[in-house]
Each structure stands twice: as C-alpha cells, then as structure tokens.
Amino acid sequence: EAGVVQSPRYKIIEKKQPVAFWCNPISGHNTLYWYLQNLGQGPELLIRYENEEAVDDSQLPKDRFSAERLKGVDSTLKIQPAELGDSAVYLCASSSRSQGEQFFGPGTRLTVL
Amino acid sequence: QKEVEQNSGPLSVPEGAIASLNCTYSDRGSQSFFWYRQYSGKSPELIMFIYSNGDKEDGRFTAQLNKASQYVSLLIRDSQPSDSATYLCAVPGGRDDKIIFGKGTRLHILP
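Heads up: the sequence lines are chains A and B, in that order. The numbering of the first sequence is the numbering used here, which starts it at 1 and goes up by one. The numbering of the second sequence is the numbering used here, which starts it at 1001 and goes up by one.
If you want it as structure tokens, here you go:
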C-alpha cells in the first residue's frame, strides 16, 4: 500500500513570493489533514477535509493561506504571499475516518528568505 | 482552549531500562488517545492508541490511560538506542473533532 505522497520535499523562496504544496493521500482515505510543524513543536492543524469538504479550517490564516481538495482526493495548500514566519515543515496526513489513526506524508520543508 | 501537555525533555534513559513518557489533557470529552514517534527530520508515525481506561500492551510498548486524572502515559520496556526519538501525544477533542498534538517529549536512550 502506497503511503501519503507530498511534493516538493524542500522549497526555498523569497518573502512575498507564492508557494504551493501538493498531497496525495492513501487510497480510500476520506479524511485529509494539513499541519504546520515548527522545530521543537508538535504538529498544528491548519485544515481538515472530509472528502472535498473543509470541515475545520479555523486555524488557517485565510488572508494568505488557501487550500483545496478537488474531487476529494489530492489536495493543494497555497501561501501567497509568503512571510519569513512561514518557514516550517508542512505535513499532510490522511485517515480512513475522523479521529482515527493518521498516516503522515514525508512533509515539505519550506524556507522563506 | 483545549490543551495537551508533555514534558519536552530531553529524557535520558539507560539502554535496557524502562522509559516512561507522560501526557495530560484538558478535554474531559476526549475518547481516544494516540502516541506517535517522530525521528529527527522524519514525519510522525503511530505506535500506540488507547480508548479504554487501564493498560494496553503491544510488544515493548504499554499505554496507560486514566480518564479520571486526565493523563495518558507510554512505557517503553527494554529501551533500545533505536527508541531515541520525539514522542508525540495526540488527543482528539470530545465534541469538535479537533485533534491536538502535544509538543512532544524528546527521548534519548544512552548506550
């Protein structure tokens, strides 16, 4: 069984530039999560999807962050414009049911210069 | 504000000894509890989950849950250097489904 796929693995951009991350969850997993993880901290939820519906985006900074999950499979997280403080690891996870075991992708390490 | 608290460590344990990791949570409605292990530079992976009060054993790992005191712990028996990692406690909210991760405890097994 293929795991959660994320790309790119690393991204370096200058502040004020846009950036996008892509996630392909485990086949059949309806629930998809985007997390942000800073060094020495636990993952912080940005947005959770049930199929194509964003059911929890309360922690997503909507002035610069956006996400979509068309057709309820792949998902894209976008930041525009990026700020220095956005430097972090962005993790995607999926699960077969809400509140169930989550499987994480390898993450995208973003560096904003 | 729902919280999940963990001692950040580092917790140093001699090889072969028992490592004890603790987690407290604030939401009394929480029903399930997860322990994830995260190696440096890697993503979290689930190692244990527990739903009922008491102990749950899986190989060298034992999860202990006490809902009345609102804590969940993870015991690692016969600690190995490969157990050196950060251990994250994750608690889904009781009513709003929001899953909250603790900051994690760094465990270092001394050879």
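Built from N, CA and C at the ideal position, the CB exists for glycine as well. Since we're looking at a predicted model, the values are computed, not measured.
Whole-angstrom Cβ separation of Cys92/A and Val4/A, contact assumed at under 8 angstroms?
For the purposes of this step, residue 92/A is taken as residue 92 along the first sequence, with counting starting at 1. For the purposes of this step, residue 4/A is taken as residue 4 along the first sequence, with counting starting at 1. Confirmed, about 6 angstroms.
Of the listed residues Lys1098/B, Ile1099/B and Ala1090/B, nearest to Arg1037/B (C-alpha basis)
The residue labelled residue 1037/B in the question sits at position 37 within the second sequence. Minimum Cα distance to Arg1037/B is reached at Ala1090/B.
If I'm right that Trp34/A touches Ala67/A with Cβ under 8 angstroms, what's the distance once you round it to whole angstroms?
Counting from one through the first sequence, the residue named residue 34/A turns up at place 34. Counting from one through the first sequence, the residue named residue 67/A turns up at place 67. Right, their Cβ atoms sit about 6 angstroms apart.
Is the number of C-beta pairs between the stretch 97–111 of chain A and the stretch 1007–1015 of chain B that are closer than 8 angstroms three or more?
At 8 angstroms Cβ cutoff, the stretches do not touch.
Just the Cα atoms here: how many angstroms apart are Pro43/A and Ala1019/B?
Indexing the first sequence from 1 puts residue 43/A at position 43. Indexing the second sequence from 1 puts residue 1019/B at position 19. Answer to the nearest angstrom: the Cα atoms are 23 angstroms apart.
Just to confirm the assignment, what range does the beta strand (DSSP E) spanning Ser1012/B have?
Numbered from its first residue, the second sequence carries residue 1012/B at position 12. Start and end: Leu1011 to Pro1014.
Buried or exposed: which applies to Tyr90/A, given that a residue is buried once 16 or more other Cβ atoms fall within 10 Å of its Cβ?
Your numbering for residue 90/A matches position 90 in the first sequence. Counting Cβ neighbours within 10 Å, Tyr90/A comes out buried, since at least 16 surround it.
Pairwise C-alpha distance: Asp74/A and Glu1045/B:
Counting from one through the second sequence, the residue named residue 1045/B turns up at place 45. Counting from one through the first sequence, the residue named residue 74/A turns up at place 74. So the two alpha carbons sit approximately 21 angstroms from each other.
Per DSSP, Leu32/A is paired with what?
The residue labelled residue 32/A in the question sits at position 32 within the first sequence. In DSSP, Leu32/A forms a bridge with Tyr49/A and Ser94/A.
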